[in-house]
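Report on the structure given below.
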Amino acid sequence: MAVMDSIIQKAKANKKRIVLPEGSEARTLKAAERVIKEGIADVVL
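Take -11 as the starting number for the sequence shown in the working numbering and just add one per residue.
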């Protein structure tokens, strides 16, 4: 997954805030958890 790794590294270097809809849906919560743990962005649910 070299392409995704490259995108993630760029996102970490230029950290932004993202808003995720459907804050009670399991997939959304899982995605938010990953983004926060990896330091990719600040998340708003």
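The C-beta atom is built at its ideal place from N, Cα and C for all residues, glycine as well.
Could you spell out where the alpha helix (DSSP H) holding residue i opens and where it closes?
i     : result
I28   : Looking at the DSSP string, I28 is not in any alpha helix (DSSP H), and its letter there is neither H nor E.
M(-8) : A(-10) to A1
Could you compute how far the alpha carbon of residue i sits from the alpha carbon of residue j?
i      : j   : result
E13    : R5  : 19 Å
P9     : A19 : 11 Å
I24    : V31 : 7 Å
A(-10) : K0  : 15 Å
S(-6)  : L17 : 23 Å
G27    : L33 : 16 Å
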